[in-house]
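Trainee: Sequential numbering of the sequence shown, starting at 1387, is according to this note's numbering. Following this message is one structure expressed as structure tokens.
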Amino acid sequence: MDELAPEVEQALRSALPQGCVHTDEITRIAFASDASLYWYIPRAVVFPCSIADIQQLFAWSRTHKIPLTFRAAGTSLSGQAVTEGVLVEVRRHWQRWEILDGGRRVRVQAGVRAGLINERLRPYWRRLGPDPASVEVCTVGGIVANNASGMCCGTRDTAYRTLESLVVVLPNGLVFDTGAAEADCLLWEKAPAIAEGLLRIRHHILNSPGLRERIRRKYQLKNTVGYSLNAFIDYDSPTHILAHLMVGSEGTLGFLAEIVLRTVPDPPLRLTGFALFPTPEEACSCVPALRELGADAVELLDAASLRALAGRPGVPISAEHCTPTSTALLFEYQRFTWSELEECQQQTAARLSSASLLAPVFFSSDGAPHLWAARRSLYPTVAARRPPGTTPISEDIAVPLEALPDTIHQLRRLFLQYGYPDAVIFGHAKDGNLHFVLPQPLTTAQDTERYAALMEEVVSLVLRYGGSLKAEHGTGRNMAPFVRAEWGEEAYELMWFLKRLIDPDGILNPDVILSRRERLHLQHLKPLPITHSELDRCMECGFCEPVCPSRDLTLTPRQRIVLLRHCDKTSHRLWQYALMDTCATDGLCQLQCPVGINTGDIIRALRQQQHSSLSHRLASGLARHFGAVDTLLRTLLHSGHAVSRLLGSHRLHRLTTYLHRWSRGTLPHWSPSLRHPLPRQRTTLPLKPGSALLFVSCPARWSGAPETLVLPSLAHHCGEELALFPDSHRFCCGLLFASKGFHPAAINALRQLQAEITRLQPRMVVVEGSSCAYWLKRHGTSEPAMLMDSTEYISHLLDHRPIARRRNCIALHIPCSARLMGIQEHMLRVAHACAEHVLTPPLPACCGAAGDLWLTHPELASRAIQSLQHYWYNDSTPTEGYSSNPPCEMALESLTHFPWRPLTALFVWATAPPAPQSPKV
1387 MDELAPEVEQ
1397 ALRSALPQGC
1407 VHTDEITRIA
1417 FASDASLYWY
1427 IPRAVVFPCS
1437 IADIQQLFAW
1447 SRTHKIPLTF
1457 RAAGTSLSGQ
1467 AVTEGVLVEV
1477 RRHWQRWEIL
1487 DGGRRVRVQA
1497 GVRAGLINER
1507 LRPYWRRLGP
1517 DPASVEVCTV
1527 GGIVANNASG
1537 MCCGTRDTAY
1547 RTLESLVVVL
1557 PNGLVFDTGA
1567 AEADCLLWEK
1577 APAIAEGLLR
1587 IRHHILNSPG
1597 LRERIRRKYQ
1607 LKNTVGYSLN
1617 AFIDYDSPTH
1627 ILAHLMVGSE
1637 GTLGFLAEIV
1647 LRTVPDPPLR
1657 LTGFALFPTP
1667 EEACSCVPAL
1677 RELGADAVEL
1687 LDAASLRALA
1697 GRPGVPISAE
1707 HCTPTSTALL
1717 FEYQRFTWSE
1727 LEECQQQTAA
1737 RLSSASLLAP
1747 VFFSSDGAPH
1757 LWAARRSLYP
1767 TVAARRPPGT
1777 TPISEDIAVP
1787 LEALPDTIHQ
1797 LRRLFLQYGY
1807 PDAVIFGHAK
1817 DGNLHFVLPQ
1827 PLTTAQDTER
1837 YAALMEEVVS
1847 LVLRYGGSLK
1857 AEHGTGRNMA
1867 PFVRAEWGEE
1877 AYELMWFLKR
1887 LIDPDGILNP
1897 DVILSRRERL
1907 HLQHLKPLPI
1917 THSELDRCME
1927 CGFCEPVCPS
1937 RDLTLTPRQR
1947 IVLLRHCDKT
1957 SHRLWQYALM
1967 DTCATDGLCQ
1977 LQCPVGINTG
1987 DIIRALRQQQ
1997 HSSLSHRLAS
2007 GLARHFGAVD
2017 TLLRTLLHSG
2027 HAVSRLLGSH
2037 RLHRLTTYLH
2047 RWSRGTLPHW
2057 SPSLRHPLPR
2067 QRTTLPLKPG
2077 SALLFVSCPA
2087 RWSGAPETLV
2097 LPSLAHHCGE
2107 ELALFPDSHR
2117 FCCGLLFASK
2127 GFHPAAINAL
2137 RQLQAEITRL
2147 QPRMVVVEGS
2157 SCAYWLKRHG
2167 TSEPAMLMDS
2177 TEYISHLLDH
2187 RPIARRRNCI
2197 ALHIPCSARL
2207 MGIQEHMLRV
2217 AHACAEHVLT
2227 PPLPACCGAA
2237 GDLWLTHPEL
2247 ASRAIQSLQH
2257 YWYNDSTPTE
2267 GYSSNPPCEM
2277 ALESLTHFPW
2287 RPLTALFVWA
2297 TAPPAPQSPK
2307 V
């Protein structure tokens, strides 16, 4: 593992702001992997904050001859975002964006998530042109740098076609805005050699009829092999040529600091169709008809793909349909009116009526979100089914549409010939674009040679049909040795001339796109060693990362898995802090992961292993005598509030901050947003027949809202019996212990509560506190129907209790546990009923509170909530916020500076008639 020399590292640290350079082994290994099949450990990972930082990095790189590689979301599949040099992370501090011209254009920085821009464009019925499967995860900078496309994009709506201008930092340090007035004059003034060289290449191409025609023909298909030579034909000014050469340049020609893209229409109505055929040939024969009818997407799924998706919610595939050769077409029409969609359905049904089908064509007019989500996650889903210890390899080709059936047939033959019977084929059929996924063992040299021989055959097959060796995944390292084979010697040498022209020192991403190393694609293949049955399914796609609260503080779920696979540093202080202490264990990563891996569960299990047997016995004792724990914590909280009144809350906060540092994070902070404990309540026994019980969870008892205790009387007015859980202070659901890794104690606490529920025999138990409700639903032995989160319950009461008044504008935070229970619609229903305007993130988002973690590691919640604030301070400004988990509410209040309450409190306020006002005299 190469490291920077001390003097070189010091020069790097001097070039950038404090905290931007990381050379520790933990961080370097965490960034050694991306979604591709390659494994390179960087010598340093840096997080530049500005264009000036990028210029300093370029100067440092030129001086010390150490190359730089840019990385944003890390979803690239061809090895263009990993390096043995210095990895430059350009997501964290590159988050500015702007909607222009009523949604017709957007200006974005490199690190902005493409899915976020599409969310903001939705009110305008517009979206970004490129729509890769990773659109909710990848960044706009990554899309442009790779010229990524997708299912609907084709060759019409790519980043190349929709680019308006960009701000690029060239390797010589020049910052150039291609959209500036007099941009050509500025380029001639600041970089005359580059301007002249670009025009010289253009002149050469235009005067070589064979090469010009080859370029024109190559880009009739999707093609991301080599540099975008079509820029020399499509544009005549050096500025426009330079701008479009940056598209698909994969960080080898400059840094894309800011990008202006034209958007495309996004019709609100969808018609999805799913047709199942007995063979790939039958399926491919229907693709031209769907294209003629104007289908926006036509996806092909082979038999192995169908087997991987069978049984998933919303996927109309049964086991009997998965014959060895069955093939499906998944297609979609996007239109602005229902009449247009009805016409599409009628015409499609008529055109497919004569086709050989295994089942009637399935149509859905609701957008079939589950079906398309399954398609977008197909690669990681297939990869998770590989034999343990093997590495998934994804290839990406395009051929003319008429060659598609034979290409599939020949690929199947090659897979059997070279020992890949489980290979999977799928892709964007209307563009002749196929992906195939192989499970590749890497234990012997023969394994690698087998893969090498297969790829030589694949290259010959694709080029025989005049196809593209990479249609949309970028050349990367994976296809760099074959650029000459696809383009020919003349074009290949022009690309090298271009690289030397713009990056004469070779500091940017060497061996990516262009390489003289013929076996580059076989080097540094990523091992995925057998580690843990849950971890072994992960192929490190990175889909989990946008929802992780620690992603901008320490690590993401993917990076935690990488470290567990490749780094045994359990005694390392940074390992403990980054991997264990700052994981919120919220489980949102499970929702985003295509195969449902919950990294939080894995971290909880590791915490359990770290505890001594004595610690486990003490925790179990506390669980058995939880009433004493409740009394102790109430006393501490009352004492804290008393001291706060005496000293002032801010002085107490400063004092506890000092104690927190002195204790190395053991003692918690005091926060002014901590609430007083609720008074203990008594319930008259026996219960009335058919009564439900309200169990106020520990966090809600210690820091809840008084309105919670009003819920039984509200229920009574609605004709329902709801009583407070008797002696609830003696019981805990066990989550408090489980989150710390004390699983046996958690089970003891859970069993005690379950035994009490069984003894009381209520009709139902309503739980105040979503995290505890989720824990009980997931781990309890009661029937799930017996347990209900309080927000579900008040959503039910809405049908029986009129709303008397409404708030104007509120912020709503849906806790991770509510997302995991699937009750977000209930929360939204209550919020919209009780407020005129509700501001909430459209995607799952964790606040980082994580029980008491916001008090022991407040930096986690601070980073997490900072990334959420733009949702709440947009067009409207809320005056208060609501959630359904007390720790989340208090953490949010401490950092957003407006009050947060439980959603139950909003419901109680909204359904209570306003107090009568005294008449004026």
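Note that CB positions come from ideal geometry on N, CA and C, so glycine has one too.
In whole angstroms, what is the alpha-carbon distance linking P1518 and T1638?
Mentor: Taking the straight line joining both Cα atoms gives about 22 Å.
Trainee: Are the beta-carbon atoms belonging to A2219 and L2183 less than 8 Å from one another?
Mentor: Going by C-beta atoms, A2219 is not nearer than 8 Å to L2183.
Trainee: For the alpha helix (DSSP H) that contains Y1878, what are its first and last residues?
Mentor: Y1878 -> alpha helix (DSSP H) spans E1875 to I1888.
Trainee: Tell me whether the beta-carbon of R1643 lies closer than 8 Å to the beta-carbon of V1701.
Mentor: Correcting the residue type first, residue 1643 is Ala in the shown sequence and not Arg. Cβ atoms of A1643 and V1701: not closer than 8 Å.
Trainee: Taking only the alpha-carbon atoms, compute the straight-line gap between C1934 and A2231 and give it to the nearest angstrom.
Mentor: Approximately 8 Å between the Cα atoms of the pair.
Trainee: So what's V1785 in DSSP terms, helix, strand or just coil?
Mentor: Coil, per DSSP.
Trainee: To the nearest angstrom, report how far apart T1776 and S2089 are at their CA atoms.
Mentor: Each residue's Cα considered, the two are about 49 Å apart.
Trainee: Counting C-beta neighbours from all protein chains within 10 Å, is the total for A2086 16 or more, i.e. buried, or is it exposed?
Mentor: Buried, since its Cβ has 16 or more Cβ neighbours within 10 Å.
Trainee: Are the beta-carbon atoms belonging to L1900 and M1881 less than 8 Å from one another?
Mentor: Yes, the Cβ-Cβ distance between L1900 and M1881 is below 8 Å.
Trainee: Cα separation between V1498 and V1476?
Mentor: About 10 Å.
Trainee: Considering only DSSP beta bridges, list what V1494 is partnered with.
Mentor: W1483 and I1645, per the DSSP bridge assignment.
Trainee: Mind checking which residues open and close the beta strand (DSSP E) that includes H2055?
Mentor: Note, H2055: premise wrong, no beta strand (DSSP E); not H, not E.
Trainee: Could you pull out every residue in the same chain whose Cβ sits closer than 8 Å to the Cβ of V1394, ignoring the five residues on either side in sequence?
Mentor: Once the five neighbours on either side are set aside, the close Cβ partners of V1394 are H1450 and I1452.
Trainee: Only counting the same chain, and skipping five residues up and downstream in sequence, which positions put a Cβ closer than 8 Å to that of P2305?
Mentor: Annotation note: pLDDT 48 at P2305 (below 50); position unreliable, coordinate value reported separately. Nothing meets the Cβ criterion.
Trainee: Rounded to whole angstroms, how far is the Cβ of T1544 from the Cβ of T1625, which I believe are closer than 8 Å?
Mentor: The Cβ separation is near 20 Å, so there is no contact.
Trainee: Note down, in chain order, each residue of its chain lying with its Cβ closer than 6 Å to the Cβ of W2240, except the 5 sequence neighbours on either side.
Mentor: Cβ within range, chain order: A2247 and A2277.
Trainee: Indicate whether S1936 and T1968 have their beta-carbon atoms separated by less than 8 Å.
Mentor: Yes.
Trainee: Quick one, which of G2026, T1461 and L1560 has its alpha-carbon nearest S1763's?
Mentor: Answer by Cα proximity: T1461.
Trainee: Kindly indicate which residue of A1669, H1918 and S1704 has the alpha-carbon position closest to the one of I1794.
Mentor: The residue with the shortest Cα to Cα distance from I1794 is A1669.
Trainee: Return yes when the Cβ of E1636 is within less than 8 Å of the Cβ of T1861, no when it is not.
Mentor: In this structure, E1636 lies closer than 8 Å to T1861 by Cβ.
Trainee: Counting along the chain, where does the alpha helix (DSSP H) carrying M2174 start and finish?
Mentor: Taken as a continuous stretch (DSSP letters only), M2174 belongs to no alpha helix (DSSP H), being part of the beta strand (DSSP E) at L2173 to D2175.
Trainee: Quick one, are the C-beta atoms of S1751 and L1727 less than 8 Å apart?
Mentor: Yes, Cβ-Cβ distance for S1751 and L1727 is below 8 Å.
Trainee: Measure the beta-carbon distance from S2269 to L2254 and round it to whole angstroms, keeping in mind my assumption that it falls under 8 Å.
Mentor: The Cβ separation is near 12 Å, so there is no contact.
Trainee: Check the C-beta distance from L1597 over to E1876 and give it rounded, since I have them as a contact under 8 Å.
Mentor: The pair is a contact, with the Cβ atoms about 6 Å apart (cut-off 8 Å).
Trainee: Pick helix, strand or coil for E1575, following the three-state DSSP scheme.
Mentor: E1575 falls in the helix class under three-state DSSP.
Trainee: With distances taken from CA atoms, which of Q1978, N1895, R1886 and I1893 is nearest E1926?
Mentor: E1926 has its Cα closest to that of Q1978, out of Q1978, N1895, R1886 and I1893.
Trainee: Helix, strand or coil for E1858 per DSSP?
Mentor: The answer is coil: DSSP assigns E1858 none of H, G, I, E or B.
Trainee: Where does E1668 sit, in a helix, a strand or coil, going by DSSP?
Mentor: In the structure shown, E1668 sits in a helix (DSSP, three-state: H, G or I).
Trainee: For T1455, report the span of its beta strand (DSSP E) as first-last.
Mentor: Unbroken beta strand (DSSP E) run through T1455: L1454 to R1457.
Trainee: Whole angstroms are fine: how far does the CA of H2039 sit from the CA of P2098?
Mentor: Whole-angstrom Cα-Cα distance: 36 Å.
Trainee: Among V1869, K1912 and R1951, which one has its Cα closest to the Cα of R1902?
Mentor: Of V1869, K1912 and R1951, the residue nearest in Cα terms is V1869.
Trainee: Quick check on the burial criterion: 16 or more other C-beta atoms within 10 angstroms. Buried or exposed for K1912?
Mentor: With 16 or more Cβ atoms within 10 Å of its Cβ, K1912 is classed as buried.
Trainee: Identify the residues that DSSP records as bridge partners of A2221: which are they?
Mentor: DSSP lists R2193 as partners of A2221.
Trainee: Classify F1749 as helix, strand or coil using the three-state DSSP reduction.
Mentor: In the structure shown, F1749 sits in a strand (DSSP, three-state: E or B).
Trainee: Here's a check: name, in chain order, each residue in its chain whose Cβ is nearer than 6 Å to the Cβ of D1439, leaving out the five neighbours to either side.
Mentor: Result list for D1439: L1402, in chain order.
Trainee: Grouping DSSP H, G and I as helix and E and B as strand, with all else coil, what is V1768?
Mentor: In this structure, V1768 counts as helix in the three-state DSSP scheme.
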